[in-house]
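Structure record follows, encoded as structure tokens.
Protein chains: 2
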Amino acid sequence: MKTQLKKGTLDMCVLAALAAGDSYAYELVGILSRTMEISEGTMYPLMRRLQAEAWVSTYLVESASGPSRKYYTLTAEGRRQLSWMQQEWREFVNEVNAVLGLAAGAGTGEAS
Amino acid sequence: MKTQLKKGTLDMCVLAALAAGDSYAYELVGILSRTMEISEGTMYPLMRRLQAEAWVSTYLVESASGPSRKYYTLTAEGRRQLSWMQQEWREFVNEVNAVLGLAAGAGTGEAS
DNA sequence: ACCATGTACCTTGTAAAGCAAGGTATGTGT
DNA sequence: ACACATACCTTGCTTTACAAGGTACATGGT
Chain L
93 MKTQLKKGTL
103 DMCVLAALAA
113 GDSYAYELVG
123 ILSRTMEISE
133 GTMYPLMRRL
143 QAEAWVSTYL
153 VESASGPSRK
163 YYTLTAEGRR
173 QLSWMQQEWR
183 EFVNEVNAVL
193 GLAAGAGTGE
203 AS
Chain X
93 MKTQLKKGTL
103 DMCVLAALAA
113 GDSYAYELVG
123 ILSRTMEISE
133 GTMYPLMRRL
143 QAEAWVSTYL
153 VESASGPSRK
163 YYTLTAEGRR
173 QLSWMQQEWR
183 EFVNEVNAVL
193 GLAAGAGTGE
203 AS
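Protein chains in written order, with my numbering: chain L, 93 to 204; chain X, 93 to 204.
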């Protein structure tokens, strides 16, 4: 139900996961799913976008137990992008929290 | 450019602003604009949604210097919704920050 | 009288993103 | 032969933010 909140953050999350080491889409779903909900239908189009932006590059690796895996590596530009996104993310969180602070003093003790 | 990040948070922000006191759409744009970017084209449809969900109710007030203002008040359900949204927001921020933490140890010192 | 400006409301169409549902193919175990 | 896990992918839907445009009232300047 918090689908909307994720908009715009998943790119950053995937880049962050890739900063910890190369991975492939199917595995990334598993990795991120430990912390947050994300589905394959989200991941595959997302990876295409990241590649279109040249934030990641790919290489194929045969698997001993299944079809080949399409690994993704962060590019230098991807690393820069991650850094930028994290900055924007922190700014945004601060902005929202500041607005939430508006409500802090109000309505809590409504006894006349 | 961080349009996507806002998805899902603006409802909450508006409800929070209304928790600090009744207001009308045009004024809310001004209030929130002190902290974050938001446009009228976003606000008016948003207010309709809030009302459709019964999180706010409205009343008209004539203005001395312009057309009548459509004031919005938080309903009891709106207050509950705000509380719920804030909880989800905090959870979500924690989740994202946890994922960003994955990258913390990697790639920072890439010597050898 | 006329017009610009500020206030205040609103709608339409576009773009982006997440997701459920479905589909394909490979390898392993029964 | 069949089921299952792995691993890839696409289509169509939904929600949301926003730019652009439109209406109407009140005030001040010329």
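For every residue, glycine included, the Cβ atom is placed at its ideal position computed from N, Cα and C.
Assigned secondary structure, residue i (DSSP; H/G/I helix, E/B strand, else coil)
i	result
R141(X)	helix
T101(L)	coil
R171(L)	helix
R182(L)	helix
T95(X)	helix
T127(X)	coil
Chain L contact residues for residue i, given Cβ-Cβ distances below 7 angstroms
i	result
Q96(X)	K99 and G100
Beta-carbon spacing of residue i, residue j below 8 angstroms
i	j	result
G170(L)	L107(L)	yes
A112(X)	L124(X)	no
T127(X)	W181(X)	no
V148(L)	L166(L)	yes
Inter-residue Cα distance where the pair is residue i and residue j
i	j	result
G133(L)	E183(L)	29 angstroms
L138(L)	G158(X)	47 angstroms
Q178(L)	K94(X)	12 angstroms
G122(X)	R172(L)	34 angstroms
R141(L)	A195(X)	20 angstroms
D114(L)	S175(L)	17 angstroms
A117(X)	Y136(X)	7 angstroms
S131(L)	Q143(L)	19 angstroms
K99(X)	G193(X)	23 angstroms
L120(L)	E119(X)	44 angstroms
Within chain X, partners of residue i - CB distance below 8 angstroms
i	result
V188(L)	T101, M104, C105, M128 and W181
Q173(L)	Here the premise fails: no neighbours, minimum Cβ distance about 12 angstroms.
L120(L)	Result: empty, since nearest Cβ-Cβ is about 11 angstroms, beyond 8 angstroms.
L124(L)	V191
V185(L)	V185
8 angstroms Cβ cut-off: residues of chain L touching residue i
i	result
A109(X)	V191, L194 and A195
Q178(X)	L192
Three or more C-beta pairs under 8 angstroms: does that hold for the stretch 145 to 160 of chain L against the stretch 148 to 165 of chain X? no
Contact the stretch 173 to 193 of chain L vs the stretch 101 to 115 of chain X: 3+ CB pairs below 8 angstroms: yes
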